[in-house]
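Numbering (our numbering), first residue to last: 1 to 241.
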Amino acid sequence: MNEIISVYRSLFGYYGPQGWWPLQCNASESGFDARGYHPGSYEFPVSRAEVWEILCGTILAQNTSWTNAEKSLTRLRMNGIASPEHLLGMTADGIASLIRPSGYFNQKSGRLRAFAAYFIGLGGVIPDRGELLALQGIGPETADSMLLYAWKQPHFVVDSYTARIMGRMGILDPDFSAIRSGKRYEHVQKIITKGLDELPAGKIPVFQEFHALLVRNATMHCASRPVCSGCPLEHSCEKRV
DNA sequence: AACCAGGACGTGA
DNA sequence: TCACGTCATGGT
1 MNEIISVYRS LFGYYGPQGW WPLQCNASES GFDARGYHPG SYEFPVSRAE VWEILCGTIL
61 AQNTSWTNAE KSLTRLRMNG IASPEHLLGM TADGIASLIR PSGYFNQKSG RLRAFAAYFI
121 GLGGVIPDRG ELLALQGIGP ETADSMLLYA WKQPHFVVDS YTARIMGRMG ILDPDFSAIR
181 SGKRYEHVQK IITKGLDELP AGKIPVFQEF HALLVRNATM HCASRPVCSG CPLEHSCEKR
241 V
């Protein structure tokens, strides 16, 4: 058992399944968490609306707390313009006024509207990574989030939390400020993907859970100011801070 | 009152 | 390639 898998097992054993990506359009149905999580269920998204909600969420959540991204999603839904077709019918300014809570609303509104047109044009076909990266406002993390959680493709999502946790543990280069620059993102992604490859289970659920678990642990313990006491990774961590 | 949050992009060196 | 500034709201 390699180090990557060891981290995964520790986190999963401690926190359990996270139920990503949360879908608020299902939040009120039985069997779902009040905020749209569905721990232990990996069949989602099923409908086109669910796929679109995730895609929308990945853009809105960029460098923003999920609670703020959720507020924008709710406002879009409550105003009946959550679908890509409805968004296309709006002006960028009209969209911007509704997605204010998730920040960068002037950037995100235009990019979201353009992405709605792109999504409609796809006609249900799953795009490849390079195609997504060519779009305005979609970088490596957002592209991989879309592919992994909306389209169930085996792309591991690397984020600043991943780099922070692995960096402090001594598994990765602790320089996590430049994870997205150059080829470092793909480098880290490759290391983790290769590590998880030894697992017997299917890739998709593991990729989905691992990223969600890293976010969870970064929130509860491995924050910018770490709270190492009680951290499920405490015993195997070098605690480089 | 700074600091951080489920980033991406443009710019100058 | 890189380091840095910009975009912006909301919670602690």
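Glycine is no exception: its CB is placed at the ideal position from the N, C-alpha and C atoms. Note that the structure is predicted; figures quoted are calculated from it, not measured.
- [ ] Examine the Cβ distances between the stretch 5 to 24 and the stretch 50 to 62 and report whether three or more of them are shorter than 8 Å.
- [x] yes
Task: Proximity to E141 [Cα-Cα], best of E50, S229, N63, S72 - done: N63
Open item on the list: Our contact map puts P4 next to I192 with C-beta atoms below 8 Å; I'd like the distance itself, whole angstroms only.
Closed with: Residue identity check: residue 4 is Ile in the sequence provided, not Pro. Confirmed, about 6 Å.
Open item on the list: Please return the same chain residues whose Cβ sits closer than 6 Å to the Cβ of F210, not counting the five positions on each side in sequence.
Closed with: Leaving aside the five residues that flank F210 on each side, the residues in its chain whose CB is nearer than 6 Å to its CB run, in chain order, Y8.
Open item on the list: Are the CB atoms of A92 and G121 within a distance shorter than 8 Å?
Closed with: no
Task: Distance between I165 and L135 (C-alpha atoms, nearest Å) - done: So the two alpha carbons sit approximately 30 Å from each other.
TODO: Starting from W66, trace the alpha helix (DSSP H) both ways and give me its first and last residue.
DONE: 66 to 78
Task: Chain-order list of residues whose beta-carbon lies under 8 Å from that of E198 (same chain, five-residue window excluded) - done: Closer than 8 Å at Cβ, skipping near neighbours: M1, N2, I5.
- [ ] Pull up the distance between the alpha-carbon of E70 and that of Y37, whole angstroms please.
- [x] When rounded, the distance between both Cα atoms is 12 Å.
Open item on the list: So, under 8 Å CB-CB, F105 and I59 are touching, yes? Tell me the CB distance rounded to an integer number of Å.
Closed with: Not confirmed; about 11 Å, so no contact.
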